[in-house]
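Visitor: Once you know that position 521 of the sequence shown is 522 in the numbering used here, the rest is easy, because the numbers rise by one and skip nothing.
I'd like to ask some things about the structure below.
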Amino acid sequence: MPLRGGCRKEISVQTLRCIKMPLQMLLAKAHLHVVRGCATLSTIQTKVATVGMDFGCKNSRVAIIESLVPHVVASEIERYTPSYVTLTELDSPTSHVWCMQHLDRVGKRVATGQIAKFKMLRRPSDVVRDVKKLIGKQFDDPHVQEMRKRIHFSIIEGPSGEAWVEIHGVKFSPVEISSAIFAKLKDTVLMYQFHHKLQVVVSVPPFFSEQQREDIKLAGNTAGLDVLQVIDDPTAAVLSSTTNGIVVVFGMGAGSYSISIHHMPNTNIKDMKVKAQSGDPCVGGDQFDNILLDHFVSKIVELHSVDIRGDKYAMTLLAEKAEQVKVDLSSQPKVTVSIPFFTGSAEGPVHLNITISRPEFEKLVEDLVGQIQHKCQQILKDANITDSDINGIVLYGGMTRMPKIREIIYEVFGKHQISKVNPEEAVVIGSAIHAALFVEEHQEIREDVIPLSIGIESANGTFTRVIPRHTTLPARQTVTIPSWSGDGKCAHVRIFLGEHAMCGNNLPLGEVQLINNRSSYNGSINFEVTFEVNKNYVLKVCARDESVDQTSEVLKTLRIGNNVLCKHYVNKAVRDALLKWATKINDPWRMLAQYALNTLYDVSLSRRDKIPQDLYEDAVNVLTDLREALDTADVVLKDKVLAAESMVAAALNWMPCEPPQSDSLDSE
2 MPLRGGCRKE ISVQTLRCIK MPLQMLLAKA HLHVVRGCAT LSTIQTKVAT VGMDFGCKNS
62 RVAIIESLVP HVVASEIERY TPSYVTLTEL DSPTSHVWCM QHLDRVGKRV ATGQIAKFKM
122 LRRPSDVVRD VKKLIGKQFD DPHVQEMRKR IHFSIIEGPS GEAWVEIHGV KFSPVEISSA
182 IFAKLKDTVL MYQFHHKLQV VVSVPPFFSE QQREDIKLAG NTAGLDVLQV IDDPTAAVLS
242 STTNGIVVVF GMGAGSYSIS IHHMPNTNIK DMKVKAQSGD PCVGGDQFDN ILLDHFVSKI
302 VELHSVDIRG DKYAMTLLAE KAEQVKVDLS SQPKVTVSIP FFTGSAEGPV HLNITISRPE
362 FEKLVEDLVG QIQHKCQQIL KDANITDSDI NGIVLYGGMT RMPKIREIIY EVFGKHQISK
422 VNPEEAVVIG SAIHAALFVE EHQEIREDVI PLSIGIESAN GTFTRVIPRH TTLPARQTVT
482 IPSWSGDGKC AHVRIFLGEH AMCGNNLPLG EVQLINNRSS YNGSINFEVT FEVNKNYVLK
542 VCARDESVDQ TSEVLKTLRI GNNVLCKHYV NKAVRDALLK WATKINDPWR MLAQYALNTL
602 YDVSLSRRDK IPQDLYEDAV NVLTDLREAL DTADVVLKDK VLAAESMVAA ALNWMPCEPP
662 QSDSLDSE
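Below is the structure:
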């Protein structure tokens with residue numbers, strides 16, 4: 002496989018095994034199960050991916066569904082792709098050939114993303130950005146004319162009066178530029194995981210007209226995507242949250258902001274209703290940037306008597322700095338912009354050095370903030386509710402990190418629980434969930450595959466899949482389960498059907514008992530448990546002692562009822578698992594938590610008679626805290642994992658203090 006930068010490197014099988022081994026050991030330790038067998042996944046499912054895309058003014062994102070869990074896919078640098086597009090000649094030398102796209106109409110290459118953004122500082126007139134603001138708009142639209150005064154690339158009138166752009170003398174429609182961005186997002190997914198087909202749901206602002214939505218869909222299809230639906234950003238953001246009831250959704254990106262109040266009575270998105278909606282399609286983070294930019298330009302005139310408004314290079318650089326200052330002021334009380342040799346004047350070079358504090362910035366944008374606050378207050382009246390009726394708040398868009406915006410939200414809607422999802426990624430995660438729900442609803446249940454996963458209960462009630470959904474029948478899988486206690490004691494294995502991460506939300510099928518007849522002195526043994534499902538959905542569970550050469554003993558035969566394999570039940574199980582994706586115990590910190598949990602348990606049990614009672618009690622308390630923190634935020638879980646690792650080290654390294662030996666002279 003060609004690596005980034007155009008290089009090619011051969012990797013041996015042995016190297017791959019060495020890379021993979023630590024992860025296998027970690028998973029085996031975390032779950033105490035080793036799964037192997039001969040199950041065949043349906044070839045149709047492995048070639049199609051359900052994907053969500055957030056097409057933004059400044060940045061675009063893509064998320065893919067894996068095992069009913071949404072994952073935001075990282076681009077070449079960050080977990081987003083800058084929505085910047087430029088042209089590059091075919092023979093232009095570049096080490097980033099892997100991120101280029103052909104545009105056959107003009108026989109040139111389109112550079113999209115970070116490369117185009119870097120080029121903007123050198124040749125601002127050759128880079129198109131904010132194309133989302135142009136799509137579906139006419140050239141004489143007042144907002145388009147206002148935009149022309151601020152940007153440095155050429156916006157022209159199209160064949161039918163639409164707003165088009167021109168690069169290097171070549172005219173492009175916004176749909177063509179947008180398709181280049183979608184093609185880059187498609188490549189991002191394919192570099193992460195190959196699929197023959199991407200089924201995509203794209204999110205757009207709620208103010209978009211039907212024509213704008215059709216143009217977005219056309220751009221996606223032109224890029225080789227199968228665009229299933231174009232949905233509103235607030236709808237996607239709600240799906241990324243696990244909050245039910247009355248939910249306030251506040252979103253603010255680069256180009257617009259919206260406020261909506263949703264009523265979501267259950268996990269069925271068809272029952273979700275929008276009680277009220279408001280916002281402004283022309284006010285977003287860019288307007289805050291422009292106010293800050295104008296402030297800096299005025300300061301330069303005041304300090305150096307130089308007006309840089311006619312210098313597109315200086316204005317482009319200062320605009321980038323203004324955006325970064327706005328971001329930094331969300332976490333810092335004041336920020337200094339320092340650019341040596343920024344421009345020139347009659348007296349010589351101008352070295353820019355301007356400091357602005359957060360209160361100064363908030364004073365500059367108080368009119369915009371006041372408008373937003375008024376809209377928030379009005380929407381409560383429109384929905385005929387009070388802040389006490391609200392069950393939760395969902396935020397999306399980078400501007401929601403601004404302290405003043407958060408202050409308004411708390412002041413108007415109350416200090417309710419805010420969704421823990423990253424605001425920049427809430428929309429793309431919700432879009433991916435919506436895509437998976439859409440595909441599942443329109444997918445027929447095939448008789449030759451199992452529609453829901455069969456698994457067993459692991460530590461702390463987590464669900465470990467043995468036979469995954471969409472496995473072709475008949476199927477057979479084997480699990481190795483250790484039994485730590487001897488002398489005839491039993492290990493209980495509970496079997497479930499479903500897709501949720503926690504067994505309590507899945508359907509129990511039954512339970513088998515593994516009896517260890519060895520003496521405790523001889524230690525643990527491993528049971529080899531085999532699960533077989535035939536085409537009639539009859540599950541047979543067999544087991545044998547790995548250390549004994551004997552045939553497997555049939556422990557239990559279970560028939561999976563047709564009522565739970567119907568379309569309605571399968572859709573509900575998948576929907577519940579998708580909409581409760583945040584409880585999936587498969588992200589890195591939770592995997593480490595499972596590992597630390599089992600390690601500390603083993604260490605404290607084996608050294609119980611060797612360590613002091615107070616140290617043992619501390620270990621038990623740390624175990625309890627870590628077990629309770631499995632469903633909490635990563636920040637909390639991280640602290641508990643580190644505490645458990647410290648306790649493991651303390652228990653392993655503890656040694657009794659030896660009494661001091663008396664000096665030989667004293668003994669005499």
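Don't be surprised by glycine CBs; every beta carbon is placed ideally from N, CA and C.
The structure presented is a predicted model; accordingly, all values stated were derived computationally and were not measured.
1. Between residue 61 and residue 82, is the Cβ-Cβ spacing less than 8 Å?
2. Identify whether residue 478 lies in helix, strand or coil by the three-state DSSP scheme.
3. Buried or exposed, going by whether 16 or more other CB atoms sit within 10 Å of the CB of residue 177?
4. Write down every uninterrupted run of the beta strand (DSSP E) in the segment 146 to 205 whose length is 3 residues or greater and which is fully enclosed by it, in chain order.
5. Helix, strand or coil for residue 319? Go by DSSP, reduced to three states.
6. Can you give the Cα-Cα distance for residue 255 and residue 281, rounded to whole angstroms?
7. Can you list, in chain order, the residues of its chain with a C-beta nearer than 7 Å to that of residue 137? Leave out the 5 residues immediately preceding and following it.
8. With residue 343 and residue 353 assumed to form a contact (beta carbons below 8 Å), what rounded beta-carbon distance in angstroms separates them?
9. Which residues does DSSP list as the beta-bridge partners of residue 335?
10. Provide the residue span of the alpha helix (DSSP H) that contains residue 121, from first to last.
11. Below 8 Å on the Cβ atoms is my guess for residue 435 versus residue 237; work out the distance and round it to an integer in Å.
12. If we ignore side chains and look at the alpha-carbon of each, how far apart do residue 134 and residue 175 end up?
13. What is the C-beta distance between residue 652 and residue 604, in whole angstroms, given that I count them as a contact (C-beta under 8 Å)?
14. What residue range is occupied by the uninterrupted beta strand (DSSP E) comprising residue 72?
15. What does the alpha-carbon distance come out to for the pair residue 207 and residue 497?
16. Residue 691 by DSSP, collapsed to three states: which one?
17. Would you give the residue range spanned by the alpha helix (DSSP H) that residue 1 belongs to?
18. So, at 6 Å on beta carbons, what are the nonlocal neighbours of residue 649 in its own chain, with the 5 sequence-adjacent residues on each side left out?
19. Residue 245 bridges to which residues according to DSSP?
20. Hey, quick one: how far does the beta strand (DSSP E) through residue 529 stretch, first residue to last?
21. Would you decide whether residue 455 is buried or exposed? Buried here means 16 or more other CB atoms lie within 10 Å of its CB.
22. Determine the direct distance from the alpha carbon of residue 250 to that of residue 277, and round the result to whole angstroms.
23. Please classify residue 492: does DSSP put it in a helix, a strand, or coil?
24. Find the nearest neighbour of residue 477 within the set 73, 467 and 471, judged by alpha-carbon distance.
25. How many angstroms separate the CA atom of residue 234 from the CA atom of residue 397?
26. Note down, in chain order, each residue of its chain lying with its Cβ closer than 7 Å to the Cβ of residue 439, except the 5 sequence neighbours on either side.
27. Kindly indicate which residue of 49, 640, 152 and 561 has the alpha-carbon position closest to the one of residue 313.
28. On a Cα-Cα basis, can you pick out the residue from 318, 288 and 391 that is closest to residue 415?
29. What's the gap between the Cα of residue 425 and the Cα of residue 302?
30. Is residue 638 helix, strand or coil by DSSP?
31. Taking 8 Å as the cut-off, decide whether the C-beta atoms of residue 469 and residue 535 are in contact.
32. How is the alpha helix (DSSP H) around residue 299 delimited, first residue to last?
33. From what residue to what residue does the beta strand (DSSP E) around residue 60 run?
34. What does DSSP give as the partner residue(s) for residue 278 in the beta ladder?
35. Nearest to residue 545 by CA position, among 563, 432, 514 and 559, is which residue?
36. Between the alpha carbons of residue 640 and residue 620, how many angstroms are there, rounded?
Guide: Here's the rundown:
1. Within the sequence shown, residue 61 is the residue found at index 60, counting from 1. Within the sequence shown, residue 82 is the residue found at index 81, counting from 1. Taking 8 Å as the Cβ cut-off, residue 61 and residue 82 qualify as a contacting pair.
2. What you label residue 478 is simply residue 477 of the sequence shown in a count that begins at 1. Residue state, collapsed to three classes: strand.
3. Counting from one through the sequence shown, the residue named residue 177 turns up at place 176. Buried, by the Cβ-count rule.
4. 155 to 158, 164 to 168, 171 to 173 and 198 to 205
5. Within the sequence shown, residue 319 is the residue found at index 318, counting from 1. Of the three classes helix, strand and coil, the one that applies to residue 319 here is helix, per DSSP.
6. Locating residue 255 in the sequence shown gives position 254, counting from the first residue. Locating residue 281 in the sequence shown gives position 280, counting from the first residue. Using only the alpha carbons, I get a separation of about 12 Å.
7. By 1-based counting over the sequence shown, the position of residue 137 is 136. The residues are 210, 212, 213 and 216.
8. On the sequence shown, residue 343 is found 342 positions in, with the first residue counted as 1. On the sequence shown, residue 353 is found 352 positions in, with the first residue counted as 1. That pair is a contact at about 4 Å.
9. Against the sequence shown, residue 335 aligns to sequence position 334. Per DSSP, 358.
10. As a working mapping, residue 121 is identified with position 120 in the sequence shown. Note, residue 121: alpha helix (DSSP H), 115 to 121.
11. One-based indexing of the sequence shown puts residue 435 at position 434. One-based indexing of the sequence shown puts residue 237 at position 236. Residue 435 to residue 237, Cβ: 6 Å. Contact.
12. Here the question's residue 134 lines up with position 133 in the sequence shown. Here the question's residue 175 lines up with position 174 in the sequence shown. Approximately 9 Å between the Cα atoms of the pair.
13. Taking the sequence shown and counting its residues from 1, one reaches residue 652 at position 651. Taking the sequence shown and counting its residues from 1, one reaches residue 604 at position 603. Confirmed, Cβ separation roughly 5 Å.
14. Residue mapping note: residue 72 aligns to position 71 of the sequence shown, counting from 1. Its beta strand (DSSP E) spans residues 70 to 73.
15. Along the sequence shown, read from residue 1 onward, the residue named residue 207 stands at position 206. Along the sequence shown, read from residue 1 onward, the residue named residue 497 stands at position 496. The alpha-carbon atoms of residue 207 and residue 497 are separated by roughly 41 Å.
16. No information on residue 691 is available, as it lies outside the stretch 2 to 669 that the chain covers here.
17. What the structure shows of the chain is the stretch from 2 to 669, and residue 1 is not part of that stretch, so it cannot be assessed.
18. Position 648 of the sequence shown, counted from the first residue, corresponds to residue 649. The answer, listed in chain order, is 600, 601 and 604.
19. For the purposes of this step, residue 245 is identified with residue 244 of the sequence shown, where counting begins at 1. DSSP lists no partner for residue 245.
20. Within the sequence shown, numbered from 1, the residue matching residue 529 stands at position 528. 526 to 534 is the extent of the beta strand (DSSP E) around residue 529.
21. As a position in the sequence shown, residue 455 is number 454, starting the count at 1. By the neighbour-count rule (16 or more Cβ atoms within 10 Å), residue 455 is buried.
22. As a first step, residue 277 must be located in the sequence shown, where it is residue number 276. As a first step, residue 250 must be located in the sequence shown, where it is residue number 249. Cα-Cα distance, rounded: 10 Å.
23. The sequence position of residue 492 within the sequence shown is 491, counting from 1. Three-state DSSP puts residue 492 in a strand.
24. On the sequence shown, position 476 is the one that residue 477 refers to. With distances taken between Cα atoms, residue 477 lies closest to 467.
25. Here residue 234 refers to the residue found at position 233 when the sequence shown is read from its first residue. Here residue 397 refers to the residue found at position 396 when the sequence shown is read from its first residue. Approximately 9 Å, taken between the alpha carbons.
26. Walking along the sequence shown from the start, residue 439 turns up at place 438. Excluding sequence neighbours, residue 439 sits near 202, 229 and 230.
27. Stepping through the sequence shown from its first residue, residue 313 is reached at position 312. Selected option, being the one with the closest Cα: 152.
28. Locating residue 415 in the sequence shown gives position 414, counting from the first residue. Among 318, 288 and 391, the Cα nearest to that of residue 415 is on 391.
29. By 1-based counting over the sequence shown, the position of residue 425 is 424. By 1-based counting over the sequence shown, the position of residue 302 is 301. Roughly 36 Å between the two C-alpha positions.
30. Here residue 638 corresponds to residue number 637 of the sequence shown, with the count starting at 1. Three-state result, residue 638: helix.
31. What you label residue 469 is simply residue 468 of the sequence shown in a count that begins at 1. What you label residue 535 is simply residue 534 of the sequence shown in a count that begins at 1. No; because the gap between Cβ atoms is not below 8 Å, this pair is not in contact.
32. In the sequence shown, residue 299 corresponds to position 298, counting from 1. 286 to 305 is the span of the alpha helix (DSSP H), which, as asked, contains residue 299.
33. On the sequence shown, position 59 is the one that residue 60 refers to. Note, residue 60: beta strand (DSSP E), 60 to 67.
34. Mapped onto the sequence shown, residue 278 falls at position 277. The partner list for residue 278 (beta bridge, DSSP) reads 261.
35. The residue given as residue 545 occupies position 544 in the sequence shown. Taking only the C-alpha atoms, the option nearest residue 545 is 514.
36. Indexing the sequence shown from 1 puts residue 640 at position 639. Indexing the sequence shown from 1 puts residue 620 at position 619. Each residue's Cα considered, the two are about 15 Å apart.
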